[in-house]
Amino acid sequence: AQSVTQPDIHITVSEGASLELRCNYSYGATPYLFWYVQSPGQGLQLLLKYFSGDTLVQGIKGFEAEFKRSQSSFNLRKPSVHWSDAAEYFCAVDPNQAGTALIFGKGTTLSVSS
Amino acid sequence: GAVVSQHPSRVICKSGTSVKIECRSLDFQATTMFWYRQFPKQSLMLMATSNEGSKATYEQGVEKDKFLINHASLTLSTLTVTSAHPEDSSFYICSANPLSLGLAGRETQYFGPGTRLLVL
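In structure tokens, the structure reads:
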């Protein structure tokens with residue numbers, strides 16, 4: 293079945309440590325891929341996106357993500373986490389590559405410890 | 016650019032009443048807007064696709080007579096929760112794809128800040 297999987301429900305990282313949030317998708321063709329961040333009670337902010345080309349994409353707030361076709365993954369990374377990064381992170385796909393509705397993973401809650 | 020607003024940000028209503036939520040694209044036009052629902056600690060689930068000038072397309076299991084969607088212009092879509100009940104309490108989020116930013120912009124959805132509905 294077509295799906296987006298974020299295996300980690302909750303991750304705690306020390307401030308200043310590196311971060312990797314995992315995302316795997318299950319679709320026949322490579323969909324458009326997105327990472328969004330949601331702070332408590334807020335809407336979603338786009339961190340970065342991948343449509344084609346360079347498989348390492350840079351986003352806002354120092355985030356980057358790498359698309360790996362062989363692993364059907366689009367993991368989000370940040371070299372040094374700040375306390376303000378604590379939030380909910382959603383991986384999403386546009387399976388039709390056409391600006392249609394997104395399919396979201398269940399999200400990963402990031403906590404940052406001091 | 017590409018800002019989407021929602022109004023109200025939160026609303027409390029009595030069971031049996033109707034509530035209208037507005038979604039506006041402030042600096043771009045969108046023929047298509049999407050309505051999502053998010054329960055606490057859960058992901059976003061697509062409810063319906065709102066098309067300017069035509070009927071909305073609802074996802075399976077979403078009652079179209081309960082969740083009325085009107086996409087009256089290229090910058091405004093409304094979601095009306097009719098005869099609301101406590102189980103309709105949720106966080107409702109809309110999104111839109113910009114028409115005017117070219118192909119790349121069109122394929123990126125921008126989300127509103129959400130509307131928290133509490134039905135007593």
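Residue numbers (our numbering), protein chains in the order written: chain F, 293 to 406; chain V, 16 to 135.
Where a beta carbon is used, it is the ideal one built from N, C-alpha and C, also for glycine.
Taking C-beta to C-beta, are I36/V and T90/V nearer than 8 Å?
Sequence index remark: in the second sequence, residue 36/V carries index 21 (1-based). Sequence index remark: in the second sequence, residue 90/V carries index 75 (1-based). For I36/V and T90/V, no; Cβs fall outside 8 Å.
Taking contact to mean at least 3 C-beta pairs separated by less than 8 Å, is the stretch 62 to 77 of chain V in contact with the stretch 25 to 32 of chain V?
The stretch 62 to 77 of chain V is not in contact with the stretch 25 to 32 of chain V.
Kindly indicate if chain V contains any beta-carbon less than 8 Å away from that of Q350/F.
Walking along the first sequence from the start, residue 350/F turns up at place 58. No, Q350/F does not count as interfacial toward chain V.
Given a limit of 8 Å on CB to CB distance, which residues of the stretch 313 to 338 of chain F reach chain V?
Y324, F326, Y328, G333, Q334, G335, L336, Q337 and L338
Under a Cβ-count criterion, where at least 16 other Cβ atoms within 10 Å of its own Cβ denotes burial, should S306/F be classed as buried or exposed?
The sequence position of residue 306/F within the first sequence is 14, counting from 1. That one is exposed.
Looking at chain F, is there any beta carbon in it that lies within less than 8 Å of the beta carbon of N66/V?
Taking the second sequence and counting its residues from 1, the one referred to as residue 66/V is at position 51. With 8 Å as the cut-off, N66/V does not count as an interface residue toward chain F.
Output the boundary residues of the beta strand (DSSP E) element that contains K360/F.
Start at 1 with the first residue of the first sequence, and residue 360/F comes out as number 68. First-last of the beta strand (DSSP E) with K360/F: E356 to K360.
Below-8 Å beta-carbon distance, G397/F vs any chain V residue
What you label residue 397/F is simply residue 105 of the first sequence in a count that begins at 1. At least one chain V Cβ lies under 8 Å of G397/F.
If you drop the 5 nearest sequence neighbours on each side, which residues of the same chain put their C-beta closer than 6 Å to that of L353/F?
Counting from 1 along the first sequence, the entry for residue 353/F is found at position 61. Note that residue 353/F corresponds to Lys in the displayed sequence, not to Leu. Apart from the 5 residues on each side of it in sequence, K353/F has no Cβ closer than 6 Å to any other Cβ in its chain.
Which chain V residues are close to L402/F, counting only those with a beta carbon under 7 Å from its beta carbon?
Within the first sequence, residue 402/F is the residue found at index 110, counting from 1. Under the 7 Å cutoff, chain V gives no residues; its nearest Cβ is about 14 Å from L402/F.
For the stretch 357 to 387 of chain F, enumerate the residues whose C-beta is nearer than 9 Å to any C-beta of chain V, in chain order.
E380, F382, A384 and D386
Does L94/V have its Cβ less than 8 Å from a Cβ in chain F?
Translated into positions along the second sequence, residue 94/V becomes position 79. For L94/V, the answer is no, since every Cβ of chain F falls outside 8 Å of its Cβ.
Which complete alpha helix (DSSP H) runs does the stretch 341 to 386 of chain F hold, if anything under 4 residues is left out?
none
List the endpoints of the continuous beta strand (DSSP E) containing E37/V.
For the purposes of this step, residue 37/V is taken as residue 22 along the second sequence, with counting starting at 1. Start and end: V34 to S40.
Separation of A111/V from G129/V, as counted between CA atoms:
Here residue 129/V is taken as the residue at index 114 of the second sequence, counted from 1. Here residue 111/V is taken as the residue at index 96 of the second sequence, counted from 1. If you take the alpha carbons of G129/V and A111/V, they lie about 13 Å apart.
Round the Cβ separation of G397/F and A384/F to the nearest angstrom and send it over; I've been treating them as touching at under 8 Å.
Position 105 of the first sequence, counting from 1, holds the residue named residue 397/F. Position 92 of the first sequence, counting from 1, holds the residue named residue 384/F. 7 Å between Cβ atoms; contact.
Using CA coordinates, which residue listed in F82/V, F43/V and E102/V is at the minimum distance from Y51/V?
By one-based count along the second sequence, residue 51/V stands at place 36. Cα-wise, what sits closest to Y51/V is F82/V.
Which whole-angstrom value is the C-beta distance of T95/V and N66/V, which I expect to be below 8 Å?
Along the second sequence, read from residue 1 onward, the residue named residue 95/V stands at position 80. Along the second sequence, read from residue 1 onward, the residue named residue 66/V stands at position 51. Contact flag wrong, Cβ pair sits at about 16 Å.
Compute the distance between the beta-carbons of T304/F and S405/F, then report whether it is under 8 Å.
Along the first sequence, one-based indexing puts residue 304/F at 12. Along the first sequence, one-based indexing puts residue 405/F at 113. In contact: T304/F and S405/F (Cβ atoms closer than 8 Å).
At a CB-CB cut-off below 7 Å, which residues of chain V make contact with K341/F?
Here the question's residue 341/F lines up with position 49 in the first sequence. Result: T123.
Pick helix, strand or coil for E67/V, following the three-state DSSP scheme.
On the second sequence, residue 67/V is found 52 positions in, with the first residue counted as 1. Three-state DSSP puts E67/V in coil, outside helix and strand.
Do T32/V and A99/V count as a contact pair if the criterion is CB distance below 8 Å?
The count along the second sequence starts at 1 and reaches residue 99/V at position 84. The count along the second sequence starts at 1 and reaches residue 32/V at position 17. Cβ atoms of A99/V and T32/V: closer than 8 Å.
Taking the alpha carbon of D346/F as the point to measure from, which residue in T400/F, L336/F, F359/F and L338/F has its own alpha carbon closest?
As a first step, residue 346/F must be located in the first sequence, where it is residue number 54. Looking from the CA of D346/F, the closest CA among T400/F, L336/F, F359/F and L338/F belongs to F359/F.
Starting from T47/V, trace the beta strand (DSSP E) both ways and give me its first and last residue.
Along the second sequence, read from residue 1 onward, the residue named residue 47/V stands at position 32. For T47/V, the enclosing beta strand (DSSP E) has its first and last residue at T47 to Q53.
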